[in-house]
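As structure tokens, the structure follows; a few thoughts come after it.
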Amino acid sequence: MSPNTLKNNKRIARNTLALYFRTFITMLVGLYTGRVMLQALGIENYGINNVVGCIVGFSGILTGSMGQGVSRFMTFSLGKDTLERQKVVFSTCVNAQIIIAIIVCLMLEVVGVWFLNYEANIPERRMVAANWVLQCSIFSLGIGLINSPFSGLIVAHEHMGIYAYMSIADVILRLSMCFAILYYGGDRLILLSLLGVLEGIGMTLFYNWYSRRCFQEARYHFKSFDKALYKEMISFSGWNLFGNSAWIFSTQGVNMLINVFFGVAFNAARGIAVTVNGAVQSFVGNFTVSFTPQITKSYAAGDIDYAVGLATRGTKFTWLLMYVFIVPVCCEADILLKLWLGTPPEWSAVFLRFAMFESLAVQFGQTLLNLIRADGRVKKYNLMVTAFAALVFPLTWFLYHLGAPVWSTYVIFIVVYGFLNIIRFITLRRLMDFSTRRFLNDCLWPCIIVSFTSFIIPLVLCYCMKPGVIRFLINVPIAVLWTTLCCTYLGLTKHEREFFIAKVKDVLVKIRR
């Protein structure tokens with residue numbers, strides 16, 4: 009192993025540890041925040057907040073698409089450009105985001121207001137509050153879009169420590185907001201929205217200050233931009249958004265269908281499942297975040313084999329980590345939700361079980377997707393992805409129209425996104441020297457073996473013991489331990505296992521010191 013490769017691996021490990029420290033704290037605080045928010049708002053207001061959130065979520069995924077483009081171009085620039093060129097790239101990113109923010113907010117003022125007031129299934133007495141939530145959410149979205157170049161610069165420089173601390177601060181502020189509305193005598197939904205705007209402004213100002221203080225290229229000049237780069241950036245982000253548009257309809261669009269066909273109570277149940285699932289995805293997704301800069305920089309430097317190897321290992325680690333959560337959550341979802349929320353909305357447990365496998369279908373391909381984005385030739389890929397992923401929304405509408413159960417959308421989603429991962433393999437073989445056989449042997453087969461063996465002991469305990477707190481306290485630790493052993497000895501190679509154990513020992517030594 010070359011010194012440069014060893015240095016990169018150490019950086020990935022360090023960044024991953026920083027992100028996992030962040031995620032452990034944010035996951036605990038975020039789950040508790042969900043409990044307090046449900047208590048403060050009630051099921052109806054919680055469902056309304058989820059419905060309005062899905063309207064703005066259409067554009068929230070736009071923020072993610074633009075942010076990925078910004079991060080990709082900034083990371084690429086850091087890998088090969090001079091400081092002056094990096095400043096031009098940064099200013100171009102900011103200009104692009106300002107234009108996009110204006111367009112998106114104007115579109116939401118038309119489409120979002122129309123859907124909320126004429127199509128959404130919301131009680132008439134809560135329409136004023138719902139419109140307040142929408143307007144505050146649109147404003148927060150605009151701020152988030154303009155902030156993406158600054159947060160993207162932090163990721164590009166791999167300053168994961170500050171990224172971790174700010175994420176912790178974000179969830180603590182959100183928890184404080186929930187406690188504030190808990191003791192408020194007026195309309196709690198409106199107050200929560202206004203506090204969310206203030207929190208978004210504060211986070212944006214800090215990211216701006218930190219980037220300008222730590223990174224020399226973070227100097228915005230309106231006239232300092234490259235037209236050719238601007239066109240390339242808009243093209244990349246546009247095609248990236250086109251590919252993500254199917255994701256928008258298969259998640260936020262489905263939320264709207266659930267509201268129209270079943271009402272806000274089911275939106276509340278789905279919102280609870282999304283909260284738990286989001287915490288798990290955040291924990292697992294940190295592998296993707298910590299691997300992405302090195303994949304992009306390695307590809308930009310011409311080290312394709314190393315980038316492919318990173319993507320393959322990242323995919324396997326993501327699957328195995330997901331299963332450490334999937335097994336105990338699926339076996340004990342009902343008791344988990346009761347202990348967490350007291351009285352969870354009906355259907356929450358069913359939604360949660362399906363949502364875990366939905367996340368697996370999504371997370372499995374994220375590292376491979378970042379490898380495709382590192383290449384930059386995403387036009388054909390996004391055309392194929394959109395054609396397949398767009399099926400989720402119309403198929404869900406069709407089944408709901410025929411009277412299918414509310415959970416049928418999850419089955420459609422899992423099947424469709426399974427096919428999308430096959431498209432990613434085909435795309436990688438076309439773009440670079442990507443061996444499907446190597447990926448199957450090194451990644452997919454070990455994951456399949458772990459998937460079947462990890463459920464054996466927990467399901468036996470579920471069959472032999474009555475549901476309740478006692479079974480929960482026994483089964484969850486055993487499920488986590490058994491799944492971890494399966495992942496370690498059936499999912500990892502000897503070299504990967506030795507590397508993992510050595511890293512755990514290093515962390516334990518640092519903790520003892």
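In our numbering, the protein residues as written are 9 to 521. For glycine and all other residues, C-beta sits at the position ideal for the given N, C-alpha and C.
Cβ shell of residue i (< 8 Å), same chain only, five flanking positions each side left out
i: H503; result: none
i: R134; result: E52, N53, I56 and L197
Own chain partners of residue i with C-beta closer than 7 Å, once the 5 adjacent residues on each side are dropped
i: F372; result: T323, T326, W327 and N429
i: W405; result: L265
i: T492; result: V332
i: I312; result: M440 and D441
i: I106; result: I154
i: E366; result: Y418, F421 and I422
i: I170; result: I162 and Y218
i: V37; result: V179, I180 and L183
i: A276; result: I51, Y54, G55, N58 and P353
Counted within 10 angstroms of its Cβ, other Cβ atoms place residue i as buried (16 or more) or exposed
i: K305; result: buried
i: F362; result: buried
i: T444; result: exposed
i: E340; result: buried
i: G120; result: buried
i: H409; result: exposed
i: R521; result: In this prediction, R521 scores a pLDDT of 49, lower than 50, which makes its location untrustworthy; no coordinate-derived value is stated.
i: P413; result: exposed
i: G411; result: exposed
i: T83; result: buried
i: P475; result: exposed
i: M473; result: exposed
i: H165; result: buried
i: F230; result: exposed
i: Y314; result: buried
i: Y425; result: buried
i: S184; result: exposed
i: Y191; result: exposed
i: K518; result: Low confidence applies to K518: its pLDDT is 46, below 50, so where it sits in the model is not reliable enough to give any reading.
i: F299; result: buried
i: A309; result: exposed
i: V118; result: exposed
i: W490; result: buried
Pick from the options that is closest to residue i, judged by C-alpha positions
i: V96; options: V284, L376 and K235; result: K235
i: L46; options: L489, K346, V358 and R505; result: K346
i: E225; options: L318, G286, I162 and L199; result: I162
i: A137; options: A487, L403 and I56; result: I56
i: F401; options: I256, L318, I176 and W348; result: I256
i: R381; options: P336, V424 and R432; result: R432
i: I486; options: Y418, D178, G261 and I464; result: I464
i: I343; options: G61, F274 and I478; result: I478
i: N155; options: Y173, I107, Y215 and S201; result: Y215
i: V316; options: L200, T375 and R221; result: T375
i: F244; options: F158, R80 and C144; result: R80
i: Q302; options: F291, R321 and V292; result: R321
i: C113; options: M473, L142 and P352; result: L142
i: F274; options: S356, G350, C494 and R196; result: S356
i: L377; options: G310, L202, L391 and A319; result: A319
i: M174; options: Y192, E207, G193 and S201; result: E207
i: C470; options: L391, M364 and C338; result: C338
i: S416; options: W490, T34 and S258; result: S258
i: G194; options: I176, L49 and V205; result: L49
i: C222; options: L39, H167, G310 and C494; result: H167
i: F158; options: I456, A397, T100 and R437; result: T100
i: I176; options: W453, T41 and L379; result: T41
i: A254; options: M392, R227, I242 and I146; result: M392
i: Y6; options: R278, I108, G204 and C144; result: Because the chain is modelled from 9 through 521, residue 6 falls outside the range shown and cannot be assessed.
Any non-hydrogen atom of the ligand FAD closer than 7 Å to residue i Cβ
i: Y389; result: Only the bare structure without any ligand can be found here, which leaves the ligand FAD out of the picture.
Contact set for residue i: own chain, Cβ-Cβ below 6 Å, skip 5 residues either direction
i: F187; result: none
i: L403; result: I420
i: P336; result: V484, A487 and V488
i: W140; result: I198 and S201
i: F480; result: E340 and I343
Any C-beta of chain D under 8 Å from that of residue i
i: V335; result: Absent here is chain D; the protein component of the structure consists of one chain.
Problem set entry | Any 3 or more C-beta pairs closer than 8 Å across the segment 385 to 394 and the segment 442 to 461 | As far as the Cβ criterion goes, the segment 385 to 394 does not touch the segment 442 to 461, which means the pair count is below three.
For this session: Note down, one range per segment and in chain order, each alpha helix (DSSP H) of at least 4 residues found wholly within the segment 319 to 367.
Result: The segment 319 to 367 contains these whole alpha helix (DSSP H) runs: 341 to 349.
Exercise. Which ranges does the alpha helix (DSSP H) cover as unbroken runs of at least 4 residues, wholly within the segment 79 to 140, from first to last along the chain?
Worked result: 91 to 126
Problem set entry | the segment 146 to 165 / the segment 126 to 133 touching (three or more Cβ pairs under 8 Å) | Here the segment 146 to 165 does not lie against the segment 126 to 133, with fewer than 3 beta-carbon pairs under 8 Å apart.
For this session: Would you list, in sequence order, the uninterrupted alpha helix (DSSP H) runs of no fewer than 4 residues that lie entirely inside the segment 416 to 486?
Result: With a minimum length of 4 residues, the continuous alpha helix (DSSP H) runs that stay inside the segment 416 to 486 are 416 to 439, 444 to 447, 453 to 461 and 464 to 472.
Exercise. Below 8 Å, can you find three or more Cβ-Cβ pairs linking the segment 268 to 285 to the segment 348 to 362?
Worked result: yes
Problem set entry | 4 or more residues per run - each alpha helix (DSSP H) lying fully within the segment 235 to 295 | 235 to 256 and 262 to 270
For this session: Evaluate contact between the segment 105 to 123 and the segment 32 to 51, counting only Cβ atoms and requiring at least three cross-stretch pairs below 8 Å.
Result: no
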